[in-house]
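Note sheet for the following structure.
Protein chains in written order, with this note's numbering: chain A, 50 to 399; chain B, 50 to 399.
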């Protein structure tokens, strides 16, 4: 039984690596990934992760990083070095130390119809800054809280993978607020309104031993300082979401509860989407969860690419019952699909 | 060159597993570990981690856990089960899932002279509560902030290893405040006064990939919600603190800066003590660090035990230039040693 509730855009993929000019002439855009999405001034904005690498020479792997001052620095490894493990196209391990094979920054695109996106805001829109972002910034979620857009994203450095925060009201000036969740953490989705006078966030800590890759909930008086952490949802042994789960964009307020679209991956790193339903007055209480994925890799552009069998979302636009999910497909291209919120809710079981 | 600055108490060990009555008649106290220390009503209190296990039958391993309601529940594994990895005496792995081999709670001891400690406050002083503590509570630090004692401790459950917080003013009534740092995190030491109107904490997140076991600094308006995380100190490749480092008790205010005693371990899990010096007005700025350990396992009770070659501290008492460090030795017994603060400062190099 197929439970795929997605109506994919016939225009997919909406954006491809070739559509994007590299940030420096000799670098190559390898992948576009995992866009945040938002409405602003009558348009739909996507803030896309652009993953680049420097030119590769035969027999060597060249890795891009940043200095703490934000300047590019390339590391070179011999492919035949016995200390090198390059079996994962995303992460390289040398002598027990891990590096990313690409360096990501964020770039802005805008559309009036939600399917045709044009570059906006320049080629180097948001770039890693400081010691916590020397391996780049990734997978930006956008929450609108009052007049402010709150950006929460993955900040990567040799110190670890953590959650950074930047704020803007005009998409030109950004206030950098540092790390709001320490390593190892990703997939931070802010609720767009307060509940009982407090802000809430979903986040996804990971553990080297005891625990897993689960979705947690935290609480804050001010969006910057977070505590009272509780584990909300765990991976499901043997299921499509057995290895890791993480929230998508901001939870959607429905009459039945907060609807959270999340990604789940199995041990083979196949990424699908599912959903959770949380109590309106107490988001620590899980009311229901989808048993089967609401969307799974089936289109060619989802099955094949830099890292195939991946559907990953951190951006969505709601219009009545219609939820447009923007997603990274196969860690390579940007796609879109629409869902009925009520159809997703109908799949959430207690 | 020995750089051991410790003057060990001749009375060591001060407390042994046999000094402590198990929490239920058929259980065995396996280890006493890692006491927090504090002054109160003219006495010195130690809040000791007591690690217990149920009776063991030949051919089986019995593991103690708690239900979410705080009731004991024993899990039993066959020793010859091929899915079992019992190579680490502290952590068992079955079919890829990790369990602790012992269940820890916290027990209170008091002394008028700092060396002779008697039980205080009952056999079951502080016990794990709720879903975040079903594998027990460990390694409690005590910070005195105003009239309140703030307890920060390791909370362990299948959801992960995190930092819990409880507060008391009378050591009888405790306010449970849940988790203040999500997994994987330990070794949380609160500063005992505000700096620039904010509270600060040292903590030790760990990463499954990219990053390590480093000491981080966080900031809070209220001790419960934490943010603006920065990595303060990393492990030193090839050194005595190459594999993991973590803060001891609350930083000590000196004229030269905040003095932090920390533990460091190498790849062979040999735990020593070192020190960091942080700027008084900006604890994110590391001024100096000891190159060699200020204390390393040398006494028989430090080299041999449940897990040998371990000196681990999270409790200390300051009296002028004399710093009494209470520590867990070989993960088995509680010991004490005195240091000169000025001698430690003299070992801190830029």
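Quick reminder that beta carbons are idealized off the backbone N, C-alpha and C, glycines included.
Reference residue 148 of chain B; option with closest CA among B:205, B:340, B:234 and B:319: Here residue 148 of chain B refers to the residue found at position 99 of the second chain. Of the candidates B:205, B:340, B:234 and B:319, the one whose C-alpha sits nearest the C-alpha of residue 148 of chain B is B:205.
Nearest to residue 183 of chain A (by Cα), restricted to the options A:151, A:194 and A:190: In the first chain, counting from the first residue as 1, residue 183 of chain A sits at position 134. Ranking the options by Cα distance to residue 183 of chain A, first place goes to A:151.
8 Å Cβ cutoff, residue 246 of chain A in contact with chain B: Here the question's residue 246 of chain A lines up with position 197 in the first chain. It does not; no Cβ of chain B falls within 8 Å.
C-alpha distance - residue 170 of chain B paired with residue 355 of chain B, whole-angstrom precision: On the second chain, residue 170 of chain B is found 121 positions in, with the first residue counted as 1. On the second chain, residue 355 of chain B is found 306 positions in, with the first residue counted as 1. Between residue 170 of chain B and residue 355 of chain B, the C-alpha separation is close to 27 Å.
Environment of residue 50 of chain B [buried if 16+ CB atoms lie within 10 Å]: Within the second chain, the letter at position 1 stands for residue 50 of chain B. Any reading at residue 50 of chain B must be qualified, since the residue scores a pLDDT of 45, below 50, and its modelled position is unreliable; no value is offered.
Neighbouring residues, chain B, relative to residue 140 of chain A (Cβ below 7 Å): Taking the first residue of the first chain as 1, we reach residue 140 of chain A at position 91. What residue 140 of chain A touches in chain B: 258.
Per-residue DSSP class, three states only, for residue 271 of chain B: Within the second chain, numbered from 1, the residue matching residue 271 of chain B stands at position 222. Coil, per DSSP.
Those runs of the beta strand (DSSP E) which lie wholly inside the region 203-247 of chain A and span at least 3 residues: Entirely contained in the region 203-247 of chain A, the beta strand (DSSP E) runs reaching 3 residues are, in chain order, 209-217, 224-230 and 234-239.
Cβ-based neighbour list, residue 166 of chain A, same chain, cut-off 7 Å, excluding 5 preceding and 5 following: The sequence position of residue 166 of chain A within the first chain is 117, counting from 1. Within the same chain, residue 166 of chain A has close Cβ partners 63, 64, 95, 158, 159 and 160.
Spatial neighbours of residue 317 of chain A in its chain, beta-carbon cut-off 8 Å, leaving aside the 5 residues before and after: In the first chain, residue 317 of chain A corresponds to position 268, counting from 1. Listed in chain order, the non-local C-beta contacts of residue 317 of chain A below 8 Å within the same chain comprise 358, local neighbours out to five positions each way being set aside.
Contacts around residue 273 of chain B, its chain only, beta-carbon distance under 8 Å, and the 5 residues preceding and following it disregarded: For this step, residue 273 of chain B is matched to residue 224 along the second chain. Excluding sequence neighbours, residue 273 of chain B sits near 214, 226 and 229.
Burial state of residue 146 of chain A, where buried means 16 or more other Cβ atoms lie within 10 Å: Here residue 146 of chain A refers to the residue found at position 97 when the first chain is read from its first residue. Exposed: under 16 other Cβ atoms inside 10 Å.
Length of the line joining the Cα atoms of residue 300 of chain A and residue 194 of chain A: Here the question's residue 300 of chain A lines up with position 251 in the first chain. Here the question's residue 194 of chain A lines up with position 145 in the first chain. If you take the alpha carbons of residue 300 of chain A and residue 194 of chain A, they lie about 13 Å apart.
Pair within 8 Å by beta-carbon distance, residue 377 of chain A and residue 361 of chain A: Here residue 377 of chain A corresponds to residue number 328 of the first chain, with the count starting at 1. Here residue 361 of chain A corresponds to residue number 312 of the first chain, with the count starting at 1. Judged by beta-carbon spacing, residue 361 of chain A lies within the 8 Å limit of residue 377 of chain A, meaning their Cβ atoms are closer than that value.
Distance, residue 338 of chain A Cα to residue 82 of chain B Cα: One-based indexing of the second chain puts residue 82 of chain B at position 33. One-based indexing of the first chain puts residue 338 of chain A at position 289. If I take the Cα positions, the gap works out to 41 Å.
Residue 391 of chain B, enclosing alpha helix (DSSP H) - first and last residue: Reading the second chain from its first residue, position 342 is the one you call residue 391 of chain B. It spans 390-396 - the alpha helix (DSSP H) in which residue 391 of chain B sits, taken as one unbroken run.
Chain B contact for residue 251 of chain A (CB, 8 Å cutoff): On the first chain, residue 251 of chain A is found 202 positions in, with the first residue counted as 1. Taking Cβ atoms only, chain B never reaches closer than 8 Å to residue 251 of chain A, which makes this a no.
Residues near residue 387 of chain A by beta carbon distance below 6 Å, same chain, minus five either side: Mapped onto the first chain, residue 387 of chain A falls at position 338. Excluding residues up to 5 positions away in sequence, 56, 371 and 373 lie with their Cβ nearer than 6 Å to the Cβ of residue 387 of chain A in the same chain.
Three-state secondary structure (DSSP) of residue 295 of chain A: Translated into positions along the first chain, residue 295 of chain A becomes position 246. Strand, per DSSP.
Pairwise C-alpha distance: residue 288 of chain A and residue 163 of chain A: On the first chain, residue 163 of chain A is found 114 positions in, with the first residue counted as 1. On the first chain, residue 288 of chain A is found 239 positions in, with the first residue counted as 1. Rounded to whole angstroms, residue 163 of chain A to residue 288 of chain A spans 33 Å at the Cα level.
Close beta carbons around residue 125 of chain B, own chain, < 6 Å, minus the five adjacent residues each side: As a working note, residue 125 of chain B is residue 76 in the second chain. Around residue 125 of chain B: 109 and 111.
Contact the region 208-224 of chain B vs the region 300-311 of chain B: 3+ CB pairs below 8 Å: no
Below-8 Å beta-carbon distance, residue 209 of chain B vs any chain A residue: Working through the second chain from its first residue, we reach residue 209 of chain B at position 160. The beta carbon of residue 209 of chain B sits closer than 8 Å to some beta carbon of chain A.
Interfacial residues, the region 280-297 of chain A to chain B, with Cβ spacing under 8 Å: 280 and 283
Proximity below 8 Å, CB of residue 400 of chain A to CB of residue 208 of chain A: With chain A covering only 50 through 399, there is no way to say anything about residue 400 of chain A.
Span separating the alpha-carbon of residue 12 of chain B from that of residue 198 of chain B: Since the displayed chain B opens at 50 and closes at 399, residue 12 of chain B lies outside it and no answer follows.
Exposure of residue 43 of chain A, with buried meaning 16 or more beta-carbon neighbours within 10 Å: An answer regarding residue 43 of chain A cannot be provided, because it is not within the stretch 50 to 399 covered by chain A.
Rounded straight-line distance, which links the Cα of residue 177 of chain B to that of residue 185 of chain B: As a first step, residue 185 of chain B must be located in the second chain, where it is residue number 136. As a first step, residue 177 of chain B must be located in the second chain, where it is residue number 128. Rounded to the nearest angstrom, the two C-alpha atoms are 5 Å apart.
Contacts that residue 276 of chain A makes with chain B (C-beta to C-beta distance below 7 Å): As a first step, residue 276 of chain A is located in the first chain; it is residue number 227 there, counting from the start. Neighbours of residue 276 of chain A on chain B, chain order: 229, 273, 274 and 275.
Beta-bridge partners of residue 126 of chain A, as assigned by DSSP: Locating residue 126 of chain A in the first chain gives position 77, where the first residue counts as 1. Bridge partners of residue 126 of chain A: A:110.
Residues, ordered as in the chain, of the region 186-206 of chain A that lie near chain B by beta-carbon distance below 7 Å: From the region 186-206 of chain A, only 205 have a Cβ closer than 7 Å to chain B.
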